[in-house]
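This report refers to the structure that appears directly beneath it.
Numbering (the numbering used here), first residue to last: -1 to 419.
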């Protein structure tokens, strides 16, 4: 019964000074709300990034050219890449011969740039990318009609293209992907206008963080890499290649290191400016996850400082309350109130302040996280789903209670030790 009486007294004390109580709660509200919002957004971003990497293939690695520092650790940033720096077809053939059945597929690409297609008054924008045969399969791109670019089309330099269902919808309204096969696409790029025949249609989907990379384009338009080099007037190798490891490879991180060592030892030993770097999707995902976790820790520490400041505010306001209610405390002690009862009353008041502040912070944190994820989704960043972790909410509630107890003990003890006189 005494517990409920103390709670009622604490609530009555807070209602008597509503504005002061609200201002005291602000630090707690901001701290708890920030922790929940940041942790939830961090989890949502990590999930979105994982979706992107999974779409690229968890068992794949990327090999790319990278500037090599000299003996003093300096890099000559002014030096442009030369033809000998790029990954050539001969290097790719040697790589396939070296690793054989460990390589299920290998993809190369060459960007032509942004292109504009027109069909009457209808227009569609697309990033024009040259790829080799079966390259789309490595990236888990879902072909819904027709076929992926094949070896014959790439080798012969056919003017064919694989477009997205979104591209079909924009340029050929009321046309199914199957009906779009065989249609001609007149595409204007920086170097002129070219006509391509549609041989495949894939399902277009922007996953999470990829939305920012795609920008305002409808989708990617894939053409044979030989045609892309001809259009862009490129006569060199590739800056990056993607390899899909077969089921024989159980450790993609080790396979990436083996690939890097072989290519550098065989082809870049005498190159003083450039070397190759290989990175598996697993290691890239681990690095991204570690970065996200570090960001969450840093922001959580900042939020914890806000909670500490809020706790000091609670202590300060409780000391003021003790001073204002000295007469009340004296009367209660004169009537026989025990020291423990006085201490519990003021401690309960501090705990209630922090619990209310913590509850409001939880609500604002959840609403903030869901709101930001909703805005991100409306901007095309799919995969940003706000999933509230119950452990975070429980931890926030427990932490706010601990703050109330920790910072309320001193004022409560001071009130309990006052002399009845």
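Beta carbons: idealized from backbone N, C-alpha and C, even for Gly.
* Taking C-beta to C-beta, are residue 160 and residue 200 nearer than 8 Å? -> Residue numbering aside, residue 160 sits at position 162 when the chain shown is read from its first letter. Residue numbering aside, residue 200 sits at position 202 when the chain shown is read from its first letter. Yes; because the gap between Cβ atoms is below 8 Å, this pair is in contact.
* To do: Quick one: residues in its chain with C-beta nearer than 6 Å to the C-beta of residue 345, no 5 flanking neighbours on either side, listed in chain order?
  => Taking the chain shown and counting its residues from 1, the one referred to as residue 345 is at position 347. Cβ neighbours of residue 345 beyond the five flanking positions: 406, 410.
* **Residue burial classification, residue 389 (beta-carbon count within 10 angstroms, cutoff 16)** => Mapped onto the chain shown, residue 389 falls at position 391. Residue 389 comes out exposed.
* **Backbone CA spacing between residue 34 and residue 144 [nearest angstrom]** => As a working note, residue 34 is residue 36 in the chain shown. As a working note, residue 144 is residue 146 in the chain shown. Each residue's alpha carbon lies about 47 Å from the other.
* Asked: If you follow the beta strand (DSSP E) that residue 64 is part of, which residue opens it and which one closes it?
  -> On the chain shown, residue 64 is found 66 positions in, with the first residue counted as 1. Run containing residue 64: 58 to 65, per the beta strand (DSSP E) assignment.
* What are the residues that DSSP puts in a beta bridge with residue 121? -> Mapped onto the chain shown, residue 121 falls at position 123. The partner list for residue 121 (beta bridge, DSSP) reads 116.
* Quick one: what's got a C-beta closer than 6 Å to residue 420's C-beta in the same chain, skipping five residues either side? -> Because the chain here runs from -1 to 419, residue 420 falls outside it and cannot be looked at.
* To do: Return the chain-ordered list of same chain residues with a C-beta closer than 7 Å to the C-beta of residue 364, the five sequence neighbours on each side being excluded.
  => Along the chain shown, one-based indexing puts residue 364 at 366. Taken in chain order, the residues that qualify are 34, 386.
* Quick one: is residue 321 buried, meaning 16 or more other Cβ sit within 10 Å of its Cβ, or exposed? -> Here residue 321 is taken as the residue at index 323 of the chain shown, counted from 1. Result: exposed.
* **Closest Cα partner of residue 40 within the set 338, 286, 276** => Locating residue 40 in the chain shown gives position 42, where the first residue counts as 1. Residue 40 has its Cα closest to that of 286, out of 338, 286, 276.
* Same chain, Cβ closer than 7 Å to residue 18, neighbours up to 5 away in sequence not counted -> Taking the first residue of the chain shown as 1, we reach residue 18 at position 20. Only 315 meet the Cβ criterion.
* Local conformation of residue 220 per DSSP, three classes -> Locating residue 220 in the chain shown gives position 222, where the first residue counts as 1. Secondary structure of residue 220 (DSSP, three-state): strand.
* Looking at the structure shown, is residue 409 part of a helix, part of a strand, or coil, going by DSSP? -> Taking the chain shown and counting its residues from 1, the one referred to as residue 409 is at position 411. Assignment of residue 409 by DSSP, reduced to helix, strand and coil, places it in the helix class.
* Asked: For residue 236, does the three-state DSSP call read helix, strand or coil?
  -> The residue you call residue 236 lines up with position 238 of the chain shown. In the structure shown, residue 236 sits in a strand (DSSP, three-state: E or B).
* Asked: Between 28, 15, 10, 16, which lies nearest to residue 357 when the distance is taken from Cα to Cα?
  -> Position 359 of the chain shown, counting from 1, holds the residue named residue 357. Of the listed residues, the one whose Cα sits closest to residue 357 is 28.
* Which whole-angstrom value is the C-beta distance of residue 93 and residue 237, which I expect to be below 8 Å? -> Reading the chain shown from its first residue, position 95 is the one you call residue 93. Reading the chain shown from its first residue, position 239 is the one you call residue 237. 15 Å between Cβ atoms; not a contact.
* Asked: To the nearest angstrom, how far is it from the Cα of residue 184 to the Cα of residue 120?
  -> Residue numbering aside, residue 184 sits at position 186 when the chain shown is read from its first letter. Residue numbering aside, residue 120 sits at position 122 when the chain shown is read from its first letter. When rounded, the distance between both Cα atoms is 12 Å.
* Asked: So who's on the other strand from residue 182, going by DSSP bridges?
  -> Stepping through the chain shown from its first residue, residue 182 is reached at position 184. Beta-bridge pairing links residue 182 to 195.
* To do: Compare the C-alpha of residue 31 against each of 393, 99, 89 and name the closest.
  => Here residue 31 refers to the residue found at position 33 when the chain shown is read from its first residue. If we check each option's Cα against that of residue 31, 393 comes out closest.
* Asked: If you count every other CB in all the chains shown that lies within 10 Å of the CB of residue 310, and 16 or more means buried, which is it?
  -> Counting from 1 along the chain shown, the entry for residue 310 is found at position 312. Per the 10 Å Cβ criterion, exposed.
* **Cβ-Cβ separation, residue 187 to residue 163 (assumed contact under 8 Å), whole Å** => Along the chain shown, read from residue 1 onward, the residue named residue 163 stands at position 165. Along the chain shown, read from residue 1 onward, the residue named residue 187 stands at position 189. Not a contact, Cβ separation roughly 22 Å.
* Asked: Of the residues 140, 327, 79, 296, which one's Cα is nearest the Cα of residue 413?
  -> As a first step, residue 413 is located in the chain shown; it is residue number 415 there, counting from the start. Ranking the options by Cα distance to residue 413, first place goes to 327.
* Asked: With DSSP run on the structure shown, which of helix, strand or coil describes residue 241?
  -> Sequence index remark: in the chain shown, residue 241 carries index 243 (1-based). Here residue 241 sits in strand by DSSP.
* Roughly how many angstroms separate the alpha carbons of residue 306 and residue 350, rounded to a whole number? -> Here the question's residue 306 lines up with position 308 in the chain shown. Here the question's residue 350 lines up with position 352 in the chain shown. Between residue 306 and residue 350, the C-alpha separation is close to 17 Å.
* Asked: Exposed or buried, what is residue 191 when buried is set at 16 or more other beta-carbons lying within 10 Å of its beta-carbon?
  -> In the chain shown, the residue the question calls residue 191 occupies position 193. It counts as exposed.
* Just how far apart, CA to CA, sit residue 10 and residue 333? -> Along the chain shown, read from residue 1 onward, the residue named residue 10 stands at position 12. Along the chain shown, read from residue 1 onward, the residue named residue 333 stands at position 335. Rounded to the nearest angstrom, the two C-alpha atoms are 20 Å apart.
* To do: Answer yes or no: do residue 223 and residue 166 have a C-beta to C-beta separation smaller than 8 Å?
  => Locating residue 223 in the chain shown gives position 225, counting from the first residue. Locating residue 166 in the chain shown gives position 168, counting from the first residue. Their beta carbons are not under 8 Å apart, which means residue 223 does not touch residue 166 by this criterion.
* Considering only residues of the same chain and omitting the five flanking positions on each side of residue 156, which have a CB-CB separation below 7 Å? -> Mapped onto the chain shown, residue 156 falls at position 158. Closer than 7 Å at Cβ, skipping near neighbours: 222.
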